[in-house]
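Asker:
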Amino acid sequence: VLLFHYDALLKPTHYTVFIPKRGLIKDLVSNVGRLSGVPSDNLIVAEVTKCHFHKFFASNDPVEKIEDKDAIYLYEMPFSNDTNVIIPVYLWEAAGKQVFSYEQLFGDPLLIAAPRKDCTYDVLYQIILHKLQRYLRTADDNSSWWVPKSKMSNGDLTFTDEDDDEESQTNENNRICTDESEEEGVGDSSNSHKLFSIFLITEGSNEYVKLHNDGNPLVFPRYMGESFIALRWSQDARKRFFSEKSLRDTEDQSSRNNLQAIKLRDCIELYTTREKLGADDAWYCPTCKKHQQATKKFDLWSLPRILIIQLKRFVYNRYRRDKVDRTVNYPLRGLNMSDYVINKSEPEALYDLIGVCNHYGGMAGGHYTAFCINQNDQRWHLFDDNTVNPISEQSVISNAAYVLVLYASEHVR
1120 VLLFHYDALL KPTHYTVFIP KRGLIKDLVS NVGRLSGVPS DNLIVAEVTK CHFHKFFASN
1180 DPVEKIEDKD AIYLYEMPFS NDTNVIIPVY LWEAAGKQVF SYEQLFGDPL LIAAPRKDCT
1240 YDVLYQIILH KLQRYLRTAD DNSSWWVPKS KMSNGDLTFT DEDDDEESQT NENNRICTDE
1300 SEEEGVGDSS NSHKLFSIFL ITEGSNEYVK LHNDGNPLVF PRYMGESFIA LRWSQDARKR
1360 FFSEKSLRDT EDQSSRNNLQ AIKLRDCIEL YTTREKLGAD DAWYCPTCKK HQQATKKFDL
1420 WSLPRILIIQ LKRFVYNRYR RDKVDRTVNY PLRGLNMSDY VINKSEPEAL YDLIGVCNHY
1480 GGMAGGHYTA FCINQNDQRW HLFDDNTVNP ISEQSVISNA AYVLVLYASE HVR
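Numbered per our numbering, the sequence shown finishes at 1532, counting up by one with no gaps.
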């Protein structure tokens, strides 16, 4: 997941979190909050697709709705909705005059908190500008990304790339509010040349309203719902002032390998974590005579001489049917299972790996092979149908591992 901090100068941060298969979004939020130090109540979870918000998640939504390919963003928003309104913000590039030019969204969508009272156009513009500061750069002093459209009495200017298309719909659609007599700057007051125009748009409709700098407080709906703000940039303004490189400038709290591989210990900890049953798996309570979303937990009381661990490689529910191909890193020697045994009189048990059953393919079919260790020379071999070949220890760990067979290297009862 990717966390966007409220402090606009902090780089977005990647985190890897492990959630029970029947976990909820609030479990995801709790884990990210613990890792980042951000209060869980201040985090908003969204799925982002093609530069816009595809959906926002409620705290009780199941995480199984999230697929591996989904881009999940978390936004730190330490404000109450009673005094502020949370507004989605998209970056929107206007079509140019060149052939095959078209309007498009770009960059990452943002969330801002605007005051419900006394929020003028300038106040909103400065809030947005503050949120964008990591992505902005200073252009050449000789840049002419804006030019006067005509000798207007109020001195309004317009982007050169946005002249005629919008004017057929509204007379002032492409105007930006500034004063030719004032000193030029990049968005530091109502007197500066604006980098973008601000539109209020309702998703799924063709209706949009351009916000104007008339000095009056803006009125926002109590709940934005399907509405959002779009910042309309000219192609030239985007090219000169928006740093595309900054979009890829993030902190990574988990390496690329960690995103693809997990540890066997993490799997065991999740397996023994208290878990709330889903609505489809509710437990019938004999006392109240109703189905309840009870909690369940697995604990280990004693350990066997030979321990067999099956990794969950297949996901099947109402939302998805997939083969899970993530690599699980497991130790070849010295797996200590004592931490997971609640019987404190049970002696310490250390396990060595002696065999692996591999599965290749999908849910409809596949192929099985096995890795086994020779007890005499401690060398590993691959068993594939009627062929047997020696392999290195490094080859024993793969994303095809399905069943692990371990032997207690120290005595267990």
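Note that CB positions come from ideal geometry on N, CA and C, so glycine has one too.
Are the CB atoms of ASP1146 and VAL1182 nearer to each other than 8 Å?
Answerer: Result yes, Cβ atoms of ASP1146 and VAL1182 sit closer than 8 Å.
Asker: Given ARG1357, which residues of its chain have a CB within under 6 Å of its CB, disregarding the five upstream and five downstream residues?
Answerer: So the list reads GLU1212, once near-sequence residues are dropped.
Asker: Have a look at LEU1248 and VAL1242 and give me their C-alpha separation to the nearest angstrom.
Answerer: Those two C-alpha atoms are separated by around 10 Å.
Asker: What span of residues does the alpha helix (DSSP H) with GLU1363 cover, start to end?
Answerer: Looking at the DSSP string, the run of the alpha helix (DSSP H) that includes GLU1363 is 1363 to 1366.
Asker: For GLN1429, which residues from the same chain have a beta carbon less than 6 Å from its beta carbon, with the 5 sequence-adjacent residues on both sides left out?
Answerer: Correct list, in chain order: VAL1522.
Asker: Can you tell me where the alpha helix (DSSP H) holding GLU1465 begins and where it ends?
Answerer: That residue, GLU1465, is in no alpha helix (DSSP H); it is neither H nor E in DSSP.
Asker: Take the Cβ of GLN1354 as the centre, count every other Cβ of all protein chains shown within 10 Å, and call the residue buried at 16 or more, exposed below.
Answerer: Classification of GLN1354: buried, given that the 10 Å Cβ count is 16 or more.
Asker: Determine the direct distance from the alpha carbon of LYS1236 to that of ARG1351, and round the result to whole angstroms.
Answerer: Using only the alpha carbons, I get a separation of about 25 Å.
Asker: Residues in the same chain with beta-carbon distance under 8 Å from ASN1179, minus the five sequence neighbours each way, listed in chain order, please.
Answerer: Same-chain partners within the cutoff: LEU1143, ILE1144 and LYS1145.
Asker: With a floor of 3 residues, list each beta strand (DSSP E) that falls wholly inside the stretch 1482 to 1525, ordered by position along the chain.
Answerer: The qualifying runs are 1485 to 1492, 1499 to 1503 and 1506 to 1510.
Asker: Taking DSSP as the reference, what is the three-state secondary structure of ALA1177?
Answerer: Reduced to three states, the DSSP call for ALA1177 is coil.
Asker: Alpha carbons only, please: which of LEU1128, VAL1208, CYS1238 and GLY1480 is nearest the one belonging to PHE1225?
Answerer: With distances taken between Cα atoms, PHE1225 lies closest to VAL1208.
Asker: Between which two residues does the beta strand (DSSP E) holding HIS1331 run?
Answerer: That residue, HIS1331, is in no beta strand (DSSP E); it is neither H nor E in DSSP.
Asker: From ASP1496, ALA1520, TYR1479 and ALA1519, pick the residue whose C-alpha is nearest to that of PRO1509; which is it?
Answerer: The candidate whose alpha carbon is nearest that of PRO1509 is ASP1496.
Asker: Assign VAL1148 to buried or exposed, taking buried as 16 or more other Cβ atoms, counted over all protein chains shown, within 10 Å of its Cβ.
Answerer: Buried, by the Cβ-count rule.
Asker: Look at ASN1203 and ALA1233 and say whether their C-beta atoms are less than 8 Å apart.
Answerer: Yes; because the gap between Cβ atoms is below 8 Å, this pair is in contact.
Asker: Within 10 angstroms of the Cβ of CYS1407, are there 16 or more other Cβ atoms? Answer buried if so, exposed if not.
Answerer: That one is exposed.
Asker: For LEU1255, I'd like the list of residues in its chain whose CB is within less than 6 Å of its CB, leaving aside the five on either flank, ordered along the chain.
Answerer: Within the same chain, LEU1255 has close Cβ partners PHE1360.
Asker: Could you give the DSSP three-state label for ASN1200: helix, strand or coil?
Answerer: Note: ASN1200 maps to coil in three-state DSSP.
Asker: Would the stretch 1396 to 1407 and the stretch 1488 to 1506 be scored as touching if the rule is three or more Cβ pairs under 8 Å?
Answerer: No, they do not touch.
Asker: Which whole-angstrom value is the C-beta distance of VAL1443 and VAL1434, which I expect to be below 8 Å?
Answerer: Indeed they touch by this definition, with Cβ atoms about 6 Å apart.
Asker: Rounded to the nearest angstrom, what separates TYR1327 and PHE1339 at their Cα positions?
Answerer: Rounded to the nearest angstrom, the two C-alpha atoms are 14 Å apart.
Asker: I need the DSSP call for TYR1254, collapsed to helix, strand or coil.
Answerer: Helix, per DSSP.
Asker: Please report the straight-line C-alpha distance between ILE1425 and GLU1186, rounded to a whole angstrom.
Answerer: Spanning the two alpha carbons is a distance of roughly 35 Å.
Asker: Identify which residue in TYR1125, GLY1334 and ALA1349 has its Cα closest to the Cα of GLU1210.
Answerer: The amino acid occupying residue 1210 in the given sequence is Leu; Glu does not appear at that position. Considering only alpha carbons, the answer is ALA1349.
Asker: Can you tell me whether ARG1432 is buried or exposed? The criterion is at least 16 other CB atoms within 10 Å of its CB, across all chains shown.
Answerer: With 16 or more Cβ atoms within 10 Å of its Cβ, ARG1432 is classed as buried.
Asker: Taking the straight line between their C-alpha atoms, what separation do you get for ASP1282 and ALA1177?
Answerer: Here the model assigns ASP1282 a pLDDT of 37, short of 50, so the residue's position is not dependable, and the following value carries that caveat. Each residue's Cα considered, the two are about 42 Å apart.
Asker: Evaluate CYS1476 with the Cβ neighbour count: other Cβ atoms within 10 Å of its Cβ, from every protein chain shown; 16 or more gives buried, anything less gives exposed.
Answerer: The residue is buried, with at least 16 neighbouring Cβ atoms inside 10 Å.
Asker: On a Cα-Cα basis, can you pick out the residue from THR1391, PRO1158 and TYR1244 that is closest to GLY1334?
Answerer: With distances taken between Cα atoms, GLY1334 lies closest to TYR1244.
Asker: Give the straight-line distance between the Cα atoms of PRO1131 and TRP1420, rounded to the nearest whole angstrom.
Answerer: PRO1131 and TRP1420: Cα-Cα distance of roughly 43 Å.
Asker: Between the alpha carbons of HIS1133 and LEU1121, how many angstroms are there, rounded?
Answerer: Between HIS1133 and LEU1121, the C-alpha separation is close to 5 Å.
Asker: Tell me the DSSP secondary structure of ILE1381 in three-state form.
Answerer: If DSSP states are grouped into helix, strand and coil, ILE1381 belongs with the strands.
Asker: Starting from the C-beta of ASP1307, find all residues in its chain whose C-beta is less than 6 Å away, skip the five residues before and the five after it, and write them out in chain order.
Answerer: In this prediction, ASP1307 has a pLDDT of 42, which is less than 50 and means its spatial position is unreliable; what the coordinates show is noted afterwards. So the list is empty, once near-sequence residues are dropped.
Asker: Please look up how many angstroms separate the CB atoms of LEU1454 and LEU1525, rounded, as I've assumed it's under 8 Å.
Answerer: LEU1454 to LEU1525, Cβ: 6 Å. Contact.
Asker: Please state whether DSSP places HIS1410 in a helix, a strand or coil.
Answerer: Three-state DSSP puts HIS1410 in a strand.
Asker: Tell me which same chain residues have a C-beta within less than 6 Å of the C-beta of SER1528, skipping the five on either side of it?
Answerer: LEU1469 and ASP1471, listed in sequence order.
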